[in-house]
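In my numbering, the protein residues as written are 6 to 185.
Below is one structure; the comments refer to it alone.
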C-alpha cells in the first residue's frame, strides 16, 4: 500500500503544466535502464552504479573540487565500493510506471526529459536494518537515461546545480523506516 501511495504522490507532486505521458519507446528504454541500475545495485557493482550518474553532476563535483571528471568518477567508485562493503542492499524494487515526463531545456540548448521513479529497498548496516523509499530521478540526456537518488533537499540542491529546473521541482519525500 505504501508503494502505491508513493506512486500516486509522485504523479501528483512531480507533474505540472508541461507533464506528458512517456511514449512507449521512452517507457521501454527507461525500464530497461532502471532494471540495469537495480541489477548493478543488487550485485554491488560500483562501476556500473557510478556510470548511471549524469555526467553534468560529475562535472559539478569536478569543478567545485578543481579536479578532472575522470578522477571524480574514480573516487565515487572507490567510495561506493567502501559503502557496499558495510551495507547490504536487498529487496530493491522500482515502480514500473506508467510515468509522466517533464521536458526541460538547459541554458546550452540541451533537451532533457526527466521522470521520477519511486524506488524502495532494504539497507542493512552495523546491525541495523531499514526500509527506504526514495524518488529516483531519471534524466534522459542525449541517448541515455541517467539516475540520481534524491534522499532529501540537500541532494536535490546538488542536482539543481547541474539541472537548474530541479530547483523548483516538487519531489516525494524520502523515508527510512527502522526494521529492527
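Just so it is clear, CB atoms sit at the ideal spot from N, CA and C, and this is done for glycine as well.
Owing to the predicted nature of the structure, the values given are computational and were not obtained by experimental measurement.
- Query: Can you round the beta-carbon distance between residue 122 and residue 99 to whole angstroms, since I take them to be within the 8 Å contact cut?
  - Reply: 5 Å
- Message: I'd like to know whether the C-beta atoms of residue 166 and residue 155 end up nearer to each other than 9 Å.
- Response: no
- Query: Where do the ends of the beta strand (DSSP E) carrying residue 117 lie?
  - Reply: 116-130
- Message: Using only CA atoms, which one of 159, 149, 48 lies nearest to residue 85?
- Response: 48
- Query: If residue 82 and residue 51 are in contact, beta carbons under 8 Å, what's the gap, nearest whole angstrom?
  - Reply: 5 Å
- Task: Identify every residue that forms a DSSP beta bridge with residue 90.
- Result: According to DSSP, residue 90 bridges with nothing at all.
- Query: Comparing alpha-carbon positions, which option in 180, 24, 152, 164 lies nearest residue 56?
  - Reply: 152
- Query: Which residue comes first and which comes last in the beta strand (DSSP E) that contains residue 146?
  - Reply: 133-146
- Determine, using beta carbons only, whether residue 127 and residue 88 come nearer to each other than 9 Å. no
- Query: In the DSSP assignment, what are the bridge partners of residue 181?
  - Reply: 137
- Reduced DSSP secondary structure (H/G/I, E/B, other) of residue 100: coil
- Where does residue 25 land, buried or exposed, given buried means 16+ other C-beta within 10 angstroms? exposed
- Item | Beta-carbon separation (whole angstroms), residue 102 vs residue 27, contact threshold 8 Å | 7 Å
- residue 70 in three-state terms, based on DSSP: helix
- Could you please give me the residues that DSSP links to residue 152 through a beta bridge? 143
- Determine the burial state of residue 61: buried for a count of at least 16 other Cβ atoms within 10 Å of its Cβ, exposed for fewer. buried
- Just the Cα atoms here: how many angstroms apart are residue 76 and residue 168? 22 Å
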